[in-house]
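Engineer: The first sequence begins at 89 in our numbering and counts up one residue at a time.
C-beta: ideal position from N, C-alpha, C; glycine also.
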Amino acid sequence: MSATPDVTRAPLRELVAAVRATAAAVRGGDPVSAPEPRLERSRRAGQGDYSTNAAMLLAPVLRAPPAEIATRLASELAHALGDDLERTEVAGPGFLNLVLSDRWHRRTLRLVLDAGERYGAGHAEDPERILIEFVSANPTGPLVAASGRHAAYGDALARILEYHGHEVSREYYFNDAGSQIRLLGESVKARAEGEEVPAGGYRGDYVGELATEIEGVSELDPERVAALAVELLLGRIKATLARYQVRFDRFFSERTLHQGSPSELERVLSLLRDAGHVYESEGAVWLRTTRFGDDKDRVVIRSSGEPTYLAADVAYLQDKRERGFQRQLMPVGADHHAYVRELRAAMSALGGDAETVEVPILQFVHLVEGSERAAMSKRRGEFVTLDELLDEIGVDATRFFMLQRSHDRTLDLDLDLARRESSENPVYYVQYAHARIASMLRRLTAERVQRAIGGDSGWGEAELHASERELIKQLAQFPDEIAEAAQRRGPHRIAVYSLELAQSFTAFYRDCHVVGATPEPVESFRIALSVAAQRTIAASLSLLGVGAPEAM
RNA sequence: GCCCCCGUAGCUCAGCUGGAUAGAGCGACGGCCUUCUAAGCCGUGGGUCGCAGGUUCGAGUCCUGCCGGGGGCGCCA
C-alpha cells in the first residue's frame, strides 16, 4: 500500500525488536529452537508498562534460573533502549517488567501523530487479493435482522482487511434461478389470484405487496412473475444495505452461470470431468468430493437434468479464482457449516488450494426485549426485518451491537439497551468521547491546534500523569489490534478496542485539564494527545462502519 | 449415531493462540454537576472459568473423556 516511512508505523514494533534482539544476544549461538519472546501489556499497576516472558523461554535453553537470565536481559535492554527506559524489574516466575520513561511516551505520541490519518494502516506482511462474498441472501424476501449480522461482519472485515493492506473486493451472490425462485413466482401469482400459495411457498406480507406492484400478474407466466419479483426484492435489499452503510462492488447473478453455450457451469463441470473427479450414478452426475476429505460424494446434476446449487456455487468459485483472487472469504450462517467441507473439496478438485477458501461461521442472532425472544426465521409471517431493526435502534447501534461479539458465538441483541441514548449504551459511550474531544477543540483556534500537534513550541518536560501514559499506551496498541482483527477475521476486536480507548480518553479527560492548562507546553501536549485520541477513535469507528459525530 | 460451534459474575460477553492476584458492560447498592459535553465520573458487592483426568516451571487457554445448550448430517438453498 502506501510507502509510509517505517518509523511512523507501529510504535511498539521497535520495542518488540529491541526485546528480541536482546534475548538473542543473551542466548548466544545456541542452536536449540525456542519460541520468540513476547512483549505484553502489563495488566496491573506495579508490573511496569510492558513485560516480557523472554527469560522464562530461555531458561531451559540456557539451563539457568529465569530470574538470573532476566537480570542479564535487563542490563542488555537498558543499553539498547537508553533514555526510553525508566527502569526494569524482575518479578514473579521470571517476568521482566519494563517501566518506560516519559520520553518514550512523548516519542510514541509523536509517532502516532506523524502517521496521520493512516495510523495503523498498511501493516499486512503479505498483502493479498481477497474476495469476500457475504450476505448473499436469496432475493425471495426482505433482509431479516440476522442478515444484519452477516452484513455488518462482512463489511467491517472488508474494511479492516483493506486498512491492513490487502486488496479487497466485496460481492453479493444471489440465486435468481432454481426451485426457490420458481416457488416465489408461484407464490406471488397465487396471492394475486386469491389462491392458496403452494406448499413450502412464501407467505409474508411482502408477497401480497409484490402481487399488487407487478402489473397484470395473472396474465404473466410464473417464470416472468418470478423474474420481476426478484428484481423488485433485490432493489429493496440494495436499498437496505445502502442505508446500513454496507457497500458491494458487485452483485453476482447465479443465472449468468447458466447462460450461454457452453454455460460457465458446463465449462467448469467439464474441467472437473477432465480431471477425473466426476462420475455418473443412479441417473445423476456426482462430484467425487470424498477424495478431498468430504464424508460423501455430492450430486452436481440431478437425475432430472437440473444442476444443484452446489454446481452453480462451484462454477462461481472457479469464476472468482480465474479472476485472480488469491483468497476467498465467504462467511455463512451456522446452519450452513456442513457446506464448508463441500466447497473446500470442490476447490481441491479444481486444482486449487482448499486453504484459500475460508468460511467463517456466523452464529445466530436473538433479539431480546426484556425476557422475550423474537423469532428470526423467514418462515411464516413472523420475522423482524433488518429495516424494522434499523427503524427501531438506528444504523450505528445496530452495527455496533452486531460487531461487539465474536462472530462464532450466538448473539443476544438487547433492544432495550440498544435503544437507550446514554452511556449505558456502549456505542454512544464511544461516540460521546469523540464528540467531547471535538467540542473541546472547538474552543481553540485551528492555528493553536496545529501548533500543538506540530510540537512547535515544545511539549515540555513535566512529569506525565498516569492517565496520560495510559492513553498513549492505548493508542500505541492500535496497529496490533488491527493486525489481530485482520488475521483472525475478528472485527469484534476493534469494537472492544474502541470501548477501551474511549475509557482511557475519558479517564485522561477527568484527570487532566486540557484547554488552559499551564504552562503552555503542557497545554500543547494535551491538545496533541486529544487529537491523536480523536483520530484513533474515529478510525476505529470507521472500521466498524459506525459514525463519529462532532457533536451529540 | 457421526460432524461443527458454545458452557467464564445475577444477565450479555472479552480474555491478545500457555503467563503473575481472571476482566468489561448491563443490572443491584452508595456517592459526585459554580472549571474543557452529567449522553459523564467515583466507590461497593458479586467467580469451584460446566465436571473429571492429563501435558509442565505455569492451564480459562492445549489433549482425552463425560455432562449441558445450539446447529448440521437432502438429487433443498
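In the DSSP assignment, find the alpha helix (DSSP H) that holds PHE566 and state where it starts and stops.
Structural biologist: That run of the alpha helix (DSSP H) goes 566-575.
Engineer: On the CB-based measure, 16 or more other CB atoms within 10 Å of its CB, does PRO148 come out buried or exposed?
Structural biologist: Classification of PRO148: exposed, given that the 10 Å Cβ count is below 16.
Engineer: Report yes or no: do three or more beta-carbon pairs, one from the segment 617-636 and one from the segment 200-219, lie closer than 8 Å?
Structural biologist: Because the criterion of three Cβ pairs below 8 Å is met, the segment 617-636 and the segment 200-219 touch.
Engineer: Would you list the residues sitting across from ALA179 in a DSSP beta bridge?
Structural biologist: In the DSSP output, where bridge partners are listed per residue, ALA179 has PHE183.
Engineer: Taking all protein chains shown into account, do 16 or more other C-beta atoms lie within 10 angstroms of the C-beta of ALA133, making it buried, or fewer, making it exposed?
Structural biologist: The residue is exposed, with fewer than 16 neighbouring Cβ atoms inside 10 Å.
Engineer: What three-state label does DSSP hand PHE596 in the structure shown?
Structural biologist: The answer is helix: DSSP assigns PHE596 an H, G or I state.
Engineer: Along the chain, where does the alpha helix (DSSP H) that runs through ASP479 open and close?
Structural biologist: Start and end: 474-481.
Engineer: Using 8 Å as the Cβ pair cut-off and three pairs as the minimum, do the segment 277-286 and the segment 298-316 touch?
Structural biologist: Yes: at least three Cβ pairs fall under 8 Å.
Engineer: Alpha helix (DSSP H) containing TYR241: first to last residue?
Structural biologist: Segment 233-252, the alpha helix (DSSP H) holding TYR241.
Engineer: Count the other C-beta atoms from every protein chain shown that fall within 10 angstroms of the C-beta of HIS522, then say buried if there are 16 or more, exposed otherwise.
Structural biologist: When all chains shown are included, HIS522 counts as buried.
Engineer: If you check the beta carbons only, do LEU86 and ALA244 fall under 8 Å apart?
Structural biologist: Summary: the structure shown does not reach residue 86, with the chain confined to residues 89 through 640, and so no result is reported for it.
Engineer: Under three-state DSSP, which class holds GLN416?
Structural biologist: Reduced to three states, the DSSP call for GLN416 is strand.
Engineer: So what does ALA317 bridge to, in DSSP terms?
Structural biologist: DSSP lists no partner for ALA317.
Engineer: DSSP three-state label for PHE340, please.
Structural biologist: Three-state result, PHE340: strand.
Engineer: Between the C-alpha atoms of ARG598 and ALA621, what's the straight-line distance to the nearest angstrom?
Structural biologist: Those two C-alpha atoms are separated by around 14 Å.
Engineer: Take SER436 and list the residues in its own chain whose beta-carbon comes closer than 7 Å to its own, dropping the five residues that flank it on each side.
Structural biologist: Cβ within range, chain order: PHE380 and ALA442.
Engineer: Roughly how many angstroms lie between the CA atoms of TRP192 and ARG198, to the nearest whole one?
Structural biologist: Looking at the two C-alpha atoms, the distance is approximately 10 Å.
Engineer: So if DSSP puts ARG129 in a beta bridge, which residue, or which two residues, is it bridged to?
Structural biologist: BP columns for ARG129 point to TYR138.
Engineer: Count Cβ pairs between the segment 230-248 and the segment 261-273 that sit closer than 8 Å; are there 3 or more?
Structural biologist: Result no; under three Cβ-Cβ pairs closer than 8 Å.
Engineer: Expressed to the nearest angstrom, what Euclidean distance is found between the alpha-carbon atoms of ARG195 and GLY604?
Structural biologist: If I take the Cα positions, the gap works out to 23 Å.
Engineer: Give me the DSSP bridge partner(s) of GLY421.
Structural biologist: LEU450, per the DSSP bridge assignment.
Engineer: At which residues does the beta strand (DSSP E) containing TYR367 begin and terminate?
Structural biologist: Start and end: 366-369.
Engineer: State the beta-bridge partners of ARG258 as determined by DSSP.
Structural biologist: Beta-bridge pairing links ARG258 to ILE220.
Engineer: What are the start and end residues of the alpha helix (DSSP H) that includes LEU405?
Structural biologist: Residues 397-410.
Engineer: Who are the Cβ neighbours of ARG432 in its own chain at under 6 Å, not counting the five residues just before and after it?
Structural biologist: Excluding positions up to five away in sequence, the list reads ALA442 and VAL445.
Engineer: Check this for me: beta carbons of VAL483 and TYR332, under 8 Å apart or not?
Structural biologist: In contact: VAL483 and TYR332 (Cβ atoms closer than 8 Å).
Engineer: If you follow the alpha helix (DSSP H) that TRP547 is in, where does it begin and where does it stop?
Structural biologist: Neither: TRP547 is in no alpha helix (DSSP H) and is coded neither H nor E.
Engineer: What residues are listed by DSSP as bridge partners for GLY641?
Structural biologist: Because the chain is modelled from 89 through 640, residue 641 falls outside the range shown and cannot be assessed.
Engineer: For GLY136, tell me which candidate among THR533, VAL178 and GLY236 has the shortest Cα-Cα distance.
Structural biologist: The residue with the shortest Cα to Cα distance from GLY136 is VAL178.
Engineer: For a quick check, are the C-beta atoms of GLY41 and VAL456 less than 8 Å apart?
Structural biologist: Because the chain is modelled from 89 through 640, residue 41 falls outside the range shown and cannot be assessed.
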